[in-house]
Amino acid sequence: MTLFPHPLVSAVIALLWLVLTEVSAGQLLLAAIVAVLAGLAYRRLTPDPIRVRRPRQILRLFLRVGGDIIRSNIAVARLIVTQGRDHRRRAGFVHIPLELTNQHALAILAMIVTATPGTAWIEYDPREGRLLLHVFDLLESDDWVDIIKSRYESLLLEIFE
Amino acid sequence: MSHLDQIHPLIAVLIALFVLIGTVLTLLGTVGLLRLGSFYERLHAPTLGVSWGTAGILVGSVLMYSTLGSRPVIHELFLGIMMMVTAPVTLMVLGRAALHRDRAEGRPPPGSDAPGHPLKRGTER
Numbered sequence: 001m002t003l004f005p006h007p008l009v010s011a012v013i014a015l016l017w018l019v020l021t022e023v024s025a026g027q028l029l030l031a032a033i034v035a036v037l038a039g040l041a042y043r044r045l046t047p048d049p050i051r052v053r054r055p056r057q058i059l060r061l062f063l064r065v066g067g068d069i070i071r072s073n074i075a076v077a078r079l080i081v082t083q084g085r086d087h088r089r090r091a092g093f094v095h096i097p098l099e100l101t102n103q104h105a106l107a108i109l110a111m112i113v114t115a116t117p118g119t120a121w122i123e124y125d126p127r128e129g130r131l132l133l134h135v136f137d138l139l140e141s142d143d144w145v146d147i148i149k150s151r152y153e154s155l156l157l158e159i160f161e
Numbered sequence: 001m002s003h004l005d006q007i008h009p010l011i012a013v014l015i016a017l018f019v020l021i022g023t024v025l026t027l028l029g030t031v032g033l034l035r036l037g038s039f040y041e042r043l044h045a046p047t048l049g050v051s052w053g054t055a056g057i058l059v060g061s062v063l064m065y066s067t068l069g070s071r072p073v074i075h076e077l078f079l080g081i082m083m084m085v086t087a088p089v090t091l092m093v094l095g096r097a098a099l100h101r102d103r104a105e106g107r108p109p110p111g112s113d114a115p116g117h118p119l120k121r122g123t124e125r
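See below:
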């Protein structure tokens, strides 16, 4: 049995511990203990290790999501202020068929969808690989299946699978 | 004399701008939470506070403390990551609970009456 089944998780937790306290011999020892315990605990939660195939694409995804978050923040804030005076807002559900099956990739997609105002992750059916999304403003011009699949899923597939 | 005097006025304005953006977005999210019509719509409002509401305040904080040079700015980075990681958990629990209730009561969730809508034709159990 290895002490570090998830080296990345352990390293990040040790770093976080040292940053939030101070760098000294005692804190270093505590950080190491916490990192080992957290790594072992995390293995019980998720057996498959995190494998990143194309690390360079992470930056691309990060920039793309960052831009989208700013844009949708402005859009949703405006809709709340105008109360639908500009146009009639129609909220509703959309089903997105996903090819992603990797748990970590799905978790990242959930974070992206949540962090982007205007879309909410409601339910994922792992058997059919189908995601139920609630969209704040369903504009006729937007094809949500295409937006999720081409903007985020394709990059996540490249990174993780 | 406070330590705030060490900050260049131009940077102080920039910090104020970011903090203002963050707080206004958080406020709008809260207003939305209060005034929007259905539960699923209300789910969207607080995400304003989680995304740029938080980011604006954090960027202001990074600018301020990196100019003062009193501590590394990595705290804000971790704070932002923690917000991003934990927000979907609550949102999913609330969203799924609402959907479960709607299905159990045999009532189509609001917004599912649109033509060609996935939840309309009784494909859901």
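Just so you know, the protein sequences line up as chains A and B, in that order. Just so it is clear: in the first sequence, position 114 is 114 by the UniProt record's numbering, and no numbers are missing. Just so it is clear: in the second sequence, position 10 is 10 by the UniProt record's numbering, and no numbers are missing. Idealized CB from N, CA, C, for every residue including glycine.
Where residue i meets chain A, residues with beta-carbon distance less than 7 Å
{"i": "B/E41", "result": "A91 and F136"}
{"i": "B/L48", "result": "N73, V76, A77 and P117"}
{"i": "B/G22", "result": "Those within 7 Å of B/G22 in chain A number zero; the least Cβ separation is about 11 Å."}
{"i": "B/G32", "result": "I80"}
Element boundaries [alpha helix (DSSP H), containing residue i]
{"i": "A/Y152", "result": "It is not in any alpha helix (DSSP H) - A/Y152 carries neither H nor E in the DSSP assignment."}
{"i": "B/P9", "result": "P9 to R35"}
{"i": "A/V113", "result": "Q103 to A115"}
{"i": "B/V89", "result": "I74 to A104"}
{"i": "B/G69", "result": "No alpha helix (DSSP H) contains B/G69, which DSSP labels as neither H nor E."}
{"i": "A/F62", "result": "R56 to T82"}
{"i": "A/P7", "result": "P7 to L20"}
Residue-chain proximity (residue i, chain B), Cβ-Cβ < 8 Å
{"i": "A/V81", "result": "yes"}
{"i": "A/T114", "result": "yes"}
{"i": "A/A120", "result": "yes"}
{"i": "A/I148", "result": "no"}
{"i": "A/E38", "result": "The identity of residue 38 of chain A in the sequence shown is Ala, whereas the question assumes Glu. Judged by the 8 Å Cβ criterion, A/A38 is not in contact with chain B."}
{"i": "A/E22", "result": "no"}
{"i": "A/V145", "result": "no"}
{"i": "A/V19", "result": "yes"}
{"i": "A/E123", "result": "yes"}
Residue i burial status per 10 Å Cβ neighbour count (16 or more: buried)
{"i": "B/L43", "result": "buried"}
{"i": "B/T47", "result": "buried"}
{"i": "A/E22", "result": "exposed"}
{"i": "A/H134", "result": "buried"}
{"i": "A/V81", "result": "exposed"}
{"i": "A/S72", "result": "buried"}
{"i": "B/D5", "result": "exposed"}
{"i": "B/I57", "result": "buried"}
Length of the line joining the Cα atoms of residue i and residue j
{"i": "A/S154", "j": "B/G49", "result": "28 Å"}
{"i": "B/E124", "j": "A/L40", "result": "In this predicted model, B/E124 has a pLDDT of only 42, less than 50, meaning its place in the structure is not dependable; the value taken from the coordinates is given anyway. Cα-Cα distance, rounded: 39 Å."}
{"i": "B/Y40", "j": "B/L33", "result": "10 Å"}
{"i": "A/D131", "j": "A/T101", "result": "Rather than Asp, the amino acid found at residue 131 of chain A in this sequence is Leu. Cα to Cα, A/L131 sits roughly 12 Å from A/T101."}
{"i": "A/I58", "j": "A/S150", "result": "15 Å"}
{"i": "A/A32", "j": "A/P5", "result": "14 Å"}
{"i": "A/E123", "j": "B/G37", "result": "21 Å"}
{"i": "A/I50", "j": "A/A11", "result": "13 Å"}
{"i": "A/G92", "j": "A/W144", "result": "11 Å"}
{"i": "A/V65", "j": "A/I148", "result": "11 Å"}
{"i": "B/L99", "j": "A/L45", "result": "26 Å"}
{"i": "A/I96", "j": "B/T67", "result": "45 Å"}
{"i": "A/R89", "j": "A/Q83", "result": "9 Å"}
{"i": "A/G118", "j": "B/F78", "result": "24 Å"}
{"i": "B/G122", "j": "B/L25", "result": "Per-residue confidence for B/G122 stands at a pLDDT of 43, beneath the threshold of 50, marking its modelled position as unreliable; the derived number appears in the next sentence. B/G122 and B/L25: Cα-Cα distance of roughly 38 Å."}
{"i": "B/T90", "j": "A/D137", "result": "22 Å"}
{"i": "A/V19", "j": "A/E128", "result": "42 Å"}
Any chain A beta carbon closer than 8 Å to residue i
{"i": "B/I74", "result": "yes"}
{"i": "B/G60", "result": "no"}
{"i": "B/M84", "result": "yes"}
{"i": "B/R103", "result": "no"}
{"i": "B/G69", "result": "no"}
{"i": "B/L28", "result": "yes"}
{"i": "B/L99", "result": "yes"}
{"i": "B/P115", "result": "In this prediction, B/P115 scores a pLDDT of 44, lower than 50, which makes its location untrustworthy; no coordinate-derived value is stated."}
{"i": "B/H8", "result": "no"}
{"i": "B/A45", "result": "yes"}
Chain-ordered neighbours of residue i on chain B, where CB pairs are closer than 8 Å
{"i": "A/L16", "result": "F78"}
{"i": "A/A110", "result": "P88 and M92"}
Delimiting residues of the beta strand (DSSP E) encompassing residue i
{"i": "A/I122", "result": "T119 to D125"}
{"i": "A/R130", "result": "R130 to V135"}
{"i": "A/G92", "result": "G92 to P97"}
Within chain B, the residues that residue i reaches when beta carbons sit closer than 9 Å
{"i": "A/I69", "result": "S51, W52 and A55"}
Partner residues on chain A for residue i, Cβ-Cβ distance less than 8 Å
{"i": "B/R96", "result": "I122 and E123"}
{"i": "B/L25", "result": "N73 and A77"}
Residue-chain proximity (residue i, chain C), Cβ-Cβ < 8 Å
{"i": "B/A12", "result": "Although the question refers to chain C, the structure presented lacks it and instead comprises the protein chains A and B."}
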